[in-house]
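Participant: First to last, the sequence lines map onto chains U and W.
For the first sequence, the working numbering assigns the number -5 to the initial residue and increments by one for each residue that follows.
For the second sequence, the working numbering assigns the number 2 to the initial residue and increments by one for each residue that follows.
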Amino acid sequence: MIELSEERHEALVELINICFGRAMASLAELLESHIHLSVPVIRSVSPEEVIKALTASIEEKDEVTIVQQAFGGEFAGEAVLALPGWTSQSLVAMLTEQSGFTSDLEIDKLNLEVILEVGNIVIGACLGQFAELLESRISYSPPAVFLDRITSAGLKERLTTREMGALLVQTRFSHKEREVTGYLFFFLSQFCLEGLFKAVDRFIEKMS
Amino acid sequence: MSNLPNGLDYAQIVDTLSQGVIVIDREMRILLWNYWMEAHSRLTREDVLGKKIGDVFPDLDQKGFFWKVRSVFTLGNFAFFSQGLHSYIFPLAATRYLETSFDKMQQSVILAPLRGPDGQVEYICVSIKDDTDAAIYKERLEQSKQQLEIMSRTDPLTGLVNRRYLFERLQEEVSRHRRSGNPLSLAILDIDFFKHVNDTYGHICGDKVLVQFADLLQSQVRRYDLVGRYGGEEFCVILPGAPLAGAENVMNRFRIYIENTPCLWEEQEIYVTVSAGVASSENLPDVDLDSLLRLADEALLEAKSNGRNQVRTWPLDVKTDPAIALGANDPDVIPDDGTIMDSGPI
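1. Going by DSSP, which residues form a beta bridge with Lys105 of chain W?
2. Going along the chain, which unbroken runs of the beta strand (DSSP E) with 3 or more residues stay wholly within the region 252 to 282 of chain W?
3. So, is Thr201 of chain W buried or exposed, given that buried needs 16 or more other C-beta atoms within 10 angstroms?
4. For Gln107 of chain W and Arg179 of chain W, I'd like the C-alpha separation in whole angstroms.
5. Could you check whether the region 264 to 275 of chain W touches the region 163 to 173 of chain W, counting it as contact only if at least three pairs of C-beta atoms, one from each stretch, sit closer than 8 Å?
6. Contact check, Phe236 of chain W vs Leu265 of chain W under 8 Å by CB: the rounded distance?
7. Which residues mark the beginning and the end of the alpha helix (DSSP H) in which Ala80 of chain W is found?
8. Among all the DSSP beta bridges, which residues are the ones paired with Lys130 of chain W?
9. Return the CA-CA distance between Val61 of chain U and Val74 of chain U, expressed in angstroms with no decimal places.
10. What's the gap between the Cα of Leu32 of chain W and the Cα of Phe79 of chain W?
11. Please give me, in chain order, every unbroken run of the beta strand (DSSP E) with length at least 3 that falls completely inside the region 81 to 129 of chain U.
12. CB Gln172 of chain W to CB Asp132 of chain W, shorter than 8 Å?
13. Under a three-way DSSP split, which group does Lys64 of chain W fall into?
14. Counting only Cβ pairs nearer than 7 Å, list the residues of chain W close to Gly15 of chain U.
15. At 7 Å on the CB atoms, spell out the chain W contacts of Ile115 of chain U, in chain order.
16. Taking buried to mean at least 16 other C-beta atoms within 10 Å of its own C-beta, is Met152 of chain W buried or exposed?
17. Quick one: using the 10 Å Cβ neighbour count with 16 as the cut-off for buried, is Phe140 of chain U buried or exposed?
18. Measure the C-alpha to C-alpha separation of Glu140 of chain W and Arg154 of chain W and round it to an integer number of angstroms.
19. So, is Pro118 of chain W buried or exposed, given that buried needs 16 or more other C-beta atoms within 10 angstroms?
20. Mind listing the chain U neighbours of Lys64 of chain W? Cutoff is C-beta to C-beta under 9 Å, in chain order.
21. Roughly how far, in whole angstroms, is the beta-carbon of Gly71 of chain U from the beta-carbon of Leu162 of chain U, given that I think they are within contact range, below 8 Å?
22. Between which two residues does the beta strand (DSSP E) holding Gly66 of chain U run?
23. Give a yes or no on whether the minimum CB-CB distance between Phe81 of chain W and chain U is below 8 Å.
24. Within 8 Å (strictly less), CB to CB, does Ser176 of chain W reach chain U?
25. Would you verify that the beta carbon of Arg86 of chain W is, or is not, closer than 8 Å to some beta carbon of chain U?
26. So is Glu23 of chain U in contact with chain W if we call contact Cβ pairs under 8 Å?
27. So for Thr314 of chain W, helix, strand or coil by DSSP?
28. What separation, rounded to the nearest whole angstrom, lies between the Cα atoms of Arg309 of chain W and Lys146 of chain W?
29. How would you list, in chain order, the residues of chain U whose beta-carbon sits under 8 Å from the beta-carbon of Ser109 of chain W?
30. According to DSSP, what are the bridge partners of Thr155 of chain W?
31. Return no unless some Cβ of chain W is closer than 8 Å to the Cβ of Ala119 of chain U.
32. Considering only residues of the same chain and omitting the five flanking positions on each side of Gly189 of chain U, which have a CB-CB separation below 6 Å?
33. Closest Cβ-Cβ distance between Leu106 of chain U and chain W: below 8 Å?
34. Let me know the secondary structure DSSP gives Thr17 of chain W once reduced to three states.
35. With DSSP as the reference, label Val212 of chain W as helix, strand or coil.
36. Are there 16 or more other CB atoms within 10 angstroms of the CB of Met38 of chain W, so buried, or fewer, so exposed?
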């Protein structure tokens, strides 16, 4: 488990709040519609708890779509955007009708492309702001998308085997006009916590 | 830039990369076009620099390219086009001509933000990676997977589905029955005195008879029934939606058909008969795979011990009328319920 002092925890919440706010503004500009991100919850979790945290926040018993994106740099980890199965139709409509996304892909592939892109944008916007605030840089791997049942062993394996422990940043994004709800998780790996803490300490110093 | 030794510049390095690099500005004008791009597009820098990328590649808009470009300028994020979804973004010729069905180079493309002196995203670096090899391997892997899947569920002699797949499908049908309540029947068939065929004509002939029997059985069931080889000379038919009487009819029709249809081997006509046991969901309070198999098997044993060349159903006491058991060899005796199709001897 990762030890997180109260001061750092507060600073992280503050940081993430700011960058989520900025990310929301940029997303609204791009999508020409307002996406609401709930106040993030940050906590340190053990590998076994990662899947529990997911199941607890997503009440869906059915399929979830998971967009997974690894990132590296001063702090590295994995971002996961989990969407209940039914949201993809709304997302496709949101991107194509509202914000002019065009593509010659067949419908199945278009659905995946839209989910990937929304995942990439939401994750990229939040992380990008985060890195900017911490005056750090992030490199991204291409996102991957997969469908699974939230309770299934496959999902468990994908999410828990690699990391030793994680700092979980959890938020819920929702959209008023359309039925879109999603959950965003950042798993920050233990290796890079030192780098993250250094950056956070720099931020605390600057603020005080 | 200033960190590089004298005489060396980044443009030279970018030209040595084995991937495409294009830089565009907010007006979509091409500012950089590396050597890889020249080689693969057959367009020189003189051809493209300063031109709008949409004029050089008119199909980009259809691929959501400019939407993602806008997102990179607005959000400062990275954007990706995966080969798996798009195949390609830029219509470049594939560099491999042998063993490939791709005429266009398969690509994964990344859009990365480049910032001006004030920190604003002013340019986008488009990098293009040739993924044709990976796509070819993926395609081959997919083909092998499909072949293996077919092999793993097929009985090599008869071409029917094998026991393993049969049980898988039966389990699925049991689940469907539980959800829908529609009837489900199962028949097990056994060729009578098959050992006699092997002993008289040899095993090669025995195999031929099995193959022809399988084909005939397949041809006589309903379109949505599944026929599989259960073991040696035993076969199974899953009859979704068929009540007990219906399944019994199908089996009886086949029993009479096979009795009168010879299998051919080296210009000899070999006649076989079949015994069958049928079990159905309608007589079972709790339907599961094991009970259906067990009860159909019990009915089959009853058919065998009662003189063979007959169809018996479970529960066994439903039809113990000796007239039917005795008259089982005579097709004219069977259709007293009037539902059996006429396929008597010619």
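Idealized CB from N, CA, C, for every residue including glycine.
Everything numeric in this text was worked out from a predicted model, so none of it was measured.
Facilitator: Considering the structure as presented:
1. Beta-bridge pairing links Lys105 of chain W to W:Ala94.
2. List check, beta strand (DSSP E) in window: 264 to 266, 269 to 271 and 275 to 281.
3. Result: exposed.
4. Counting only the Cα atoms, Arg179 of chain W lies some 46 Å from Gln107 of chain W.
5. The region 264 to 275 of chain W, when compared against the region 163 to 173 of chain W, does not touch it at the 8 Å Cβ threshold.
6. About 19 Å; that fails the 8 Å criterion.
7. For Ala80 of chain W, there is no enclosing alpha helix (DSSP H); the enclosing beta strand (DSSP E) covers residues Ala80 to Phe82.
8. In the DSSP assignment, Lys130 of chain W is bridged to W:Ser109.
9. The straight-line gap from Cα to Cα measures roughly 6 Å.
10. Each residue's alpha carbon lies about 19 Å from the other.
11. The region 81 to 129 of chain U contains no whole beta strand (DSSP E) run of 3 or more residues.
12. It is not a contact, given that the beta carbons lie outside the stated cut-off.
13. Helix, per DSSP.
14. Result: empty, since nearest Cβ-Cβ is about 14 Å, beyond 7 Å.
15. Per Cβ cutoff of 7 Å: Ser72, Leu76 and Asn78.
16. It is exposed - the Cβ of Met152 of chain W has fewer than 16 other Cβ atoms within 10 Å.
17. When all chains shown are included, Phe140 of chain U counts as exposed.
18. Between the alpha carbons of Glu140 of chain W and Arg154 of chain W lies a gap of roughly 22 Å.
19. Only exposed fits Pro118 of chain W, as fewer than 16 other CB atoms lie within 10 angstroms of its CB.
20. Those within 9 Å of Lys64 of chain W in chain U are Thr96, Ser97, Asp98 and Leu99.
21. Not confirmed; about 10 Å, so no contact.
22. In the DSSP annotation of this structure, the continuous segment of the beta strand (DSSP E) that includes Gly66 of chain U starts and ends at Glu57 to Gly67.
23. When Cβ-Cβ separations below 8 Å define contact, Phe81 of chain W makes contact with chain U.
24. Output row for Ser176 of chain W: interface = no.
25. It should be noted that the sequence gives Leu, not Arg, for residue 86 of chain W. At least one chain U Cβ lies under 8 Å of Leu86 of chain W.
26. Closer than 8 Å: yes.
27. Correct three-state label for Thr314 of chain W: strand.
28. Pairing Arg309 of chain W with Lys146 of chain W, the inter-Cα distance amounts to about 43 Å.
29. Residues of chain U passing the Cβ test: Pro136.
30. For Thr155 of chain W, which the question treats as bridged, DSSP gives the partners W:Val162.
31. By this cut-off, Ala119 of chain U is an interface position.
32. Cβ neighbours of Gly189 of chain U beyond the five flanking positions: Glu68 and Phe69.
33. Output row for Leu106 of chain U: interface = yes.
34. Here Thr17 of chain W sits in helix by DSSP.
35. Annotated three-state conformation of Val212 of chain W is helix, per DSSP.
36. Counting Cβ neighbours within 10 Å, Met38 of chain W comes out buried, since at least 16 surround it.
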